[in-house]
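Working notes, beginning with the structure itself.
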Amino acid sequence: MNNMFSYNSVRLLFLSTLCLSGCSVSHYIHKEVKTSPVLSQHHVGISVYDPAKQKTLAAYQDDHYFTPASNTKLFSFYAALTALGDSIPGLQYQLRDSALVFRGTGDPSLLHPDLPSSAVVDFLKNRKEKLLFSTALTDNPTYGPGWSWDDYNDYYQAERSSLPMYGNIARFTSPSGLYVRVQPEFWQDSLDLDTTVVGLVRDRYYNHFRRSLNALPAGLEQDIPVRTSNQLTAELLSYALQKKVGLTDEEQSGSWKTVHSIPSDSLYRRMMLVSDNMMAEQTMLLYAAAHGLPLNTTQAIEHAQLNILGDLPDRPVWRDGSGLSRYNLFTPRTMIALLGKISQKIPQDRLFNILPAGGSSGTLRSMFKGQEAFVHAKTGSLSNVYCLSGYLITKKGKLLYFSFMNNNFVRPTAEIRTEVARILTGLHDKY
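Sequential numbering of the sequence shown, starting at 59, is according to our numbering.
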């Protein structure tokens, strides 16, 4: 009798231990979602996965499609990891008689104010040949599908191009609020005073900037996207290099040599930490160039879905590189599968240095405060959308993948963020 009691006790303890990281996590997630007044009136999808056990610990509507916002950047990041090396291909070139013909690869680093100096600048400065910028095979819409037309003046919607200059933005600064400087100074003469505007605005169709007569906020720094064109790229290059840069639309036969620009992680870290849309969009053009495709986002995405993402649980509806498009639709369990692919491509220390860390860096700096960083993840925010997908380390040291997606809420986004942080903190503390 005692032996039977002992056996049953051990067996019960064993089964309870097995269930602790699975059943209890599922019970916890479902209970928190069902009883949360913050999450009660909108669409929620959650998936939690234990890679060590290769087991889904919790699934709440994880097969439903959600607008991911900037969680889309995880797709662009993975595409880049599969296609690019330790440094970014900055441009490609050929020698033709007395001319150096070069073309863009989509690299966004050329004279970008927030990235390291690009080796492309010195390369072009030191060439003795005539410089010709090739515009062949660079037909890509400057905006992605579903982007908001009236966000043209906002820093987060810079245009896409084959060879971006200065991040495809003009940066306005005003330490005192009175005199306004523009970088690059190329745009200084394009700035006028205007009694009809408030703040700083650009004309919708032209690179003409206007500022109000009243003093602007002291310490102002504002980035405004510029209207890009091949002609403008040549003019900006001529301005920066202090030498003439011409254009050619002739297709060039033969092989191209490559000049690399900056370390890849410099681009990735900027893209992920501050959720830089322009970086993500250009990353997909870099992916296209690496595979010998035209610099076209749609073709790059189609290639990635066919060649590196064919085994995902649910086929992504993927329309741009950044997540600005509301046409993007992913499921939480697909995000989990993608997180697994990323973790297989890159060492954890390097990956966690690139992603925002809870309470300490990037878009997660103000979340998960008061503890050593245990969440390394990508945020995703649009109006009525907040998603968070990434990696969580529990108090017991277990690594979990998670995706927590929220759509169609009408509460302030801050309330959703706070609730997401509360539930994930509970997951960390309990398991």
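Each residue gets a CB set at the ideal place from its N, CA and C atoms; glycine is no exception.
Just so we're clear, the structure is a prediction, and the values are computed from it rather than from any experiment.
Exercise. How about leucine 305 and threonine 193: are their beta carbons less than 7 Å apart?
Worked result: yes
Exercise. Tell me which same chain residues have a C-beta within less than 7 Å of the C-beta of asparagine 226, skipping the five on either side of it?
Worked result: Ala216, Glu217, Ser219, Pro283, Val284, Thr286 and Met336
Problem set entry | Residue from Lys113, Gly103 and Arg260 whose Cα sits closest to the Cα of threonine 125 | Gly103
For this session: Using beta-carbon positions only, say whether alanine 116 and valine 83 come within less than 7 Å of one another.
Result: yes
Exercise. DSSP three-state call for valine 238: helix, strand or coil?
Worked result: coil
Problem set entry | Pick from Val91, Tyr123 and Gln119 that is closest to valine 375, judged by C-alpha positions | Tyr123
Exercise. Which residue comes first and which comes last in the alpha helix (DSSP H) that contains threonine 389?
Worked result: Element bounds for threonine 389: n/a, residue is neither H nor E.
For this session: Compute the minimum distance between the beta carbon of glycine 420 and the heavy atoms of the ligand ADP, and state whether it is under 6 Å.
Result: Looking at this structure, you won't find the ligand ADP or any other ligand, since it has none at all.
Problem set entry | Limits of the unbroken alpha helix (DSSP H) element including threonine 356 | 355-365
Exercise. So, using beta-carbon positions, are histidine 170 and asparagine 465 closer together than 7 Å?
Worked result: no
Exercise. When you compare only the Cα positions, how much space is there between leucine 24 and serine 319?
Worked result: Since the first and last residues shown for the chain are 59 and 489, residue 24 lies out of range.
Exercise. Taking the alpha-carbon positions, what's the serine 296 to tyrosine 449 distance?
Worked result: 45 Å
For this session: Take the Cβ of methionine 330 as the centre, count every other Cβ of all protein chains shown within 10 Å, and call the residue buried at 16 or more, exposed below.
Result: buried
For this session: Report buried or exposed for serine 79, applying the criterion of at least 16 other Cβ atoms within 10 angstroms of its Cβ.
Result: Summary for serine 79: the model assigns pLDDT 48, below 50, so the residue's position carries little reliability, and this model does not support an answer.
Exercise. For alanine 141 versus alanine 338, is the C-beta spacing smaller than 7 Å?
Worked result: no
Problem set entry | Beta-carbon spacing of asparagine 198, threonine 355 below 7 Å | yes
Problem set entry | Backbone CA spacing between alanine 362 and leucine 168 [nearest angstrom] | 25 Å
For this session: In the DSSP assignment, find the unbroken alpha helix (DSSP H) run with phenylalanine 181 in it and report its ends.
Result: 177-183
Problem set entry | Cutoff 8 Å; reference valine 179; Cβ partners in own chain excluding five residues on either side | Leu168, Leu169, Ala298 and Leu299
Exercise. How long is the line joining the alpha carbons of tyrosine 224 and threonine 114, rounded to whole angstroms?
Worked result: 44 Å
For this session: For valine 102, decide whether its Cβ has a neighbour in chain C, counting only Cβ atoms nearer than 7 Å.
Result: In the displayed structure, chain C is absent; only one protein chain is listed.
Problem set entry | Rounded distance between the beta-carbons of phenylalanine 426 and glycine 417, thought under 8 Å | 5 Å
Exercise. Would you say leucine 149 and valine 317 are within 7 Å of each other, going by their C-beta atoms?
Worked result: yes
Exercise. How would you call leucine 236, buried or exposed, if buried means at least 16 neighbouring beta carbons within 10 angstroms?
Worked result: exposed
For this session: Pick helix, strand or coil for serine 461, following the three-state DSSP scheme.
Result: strand
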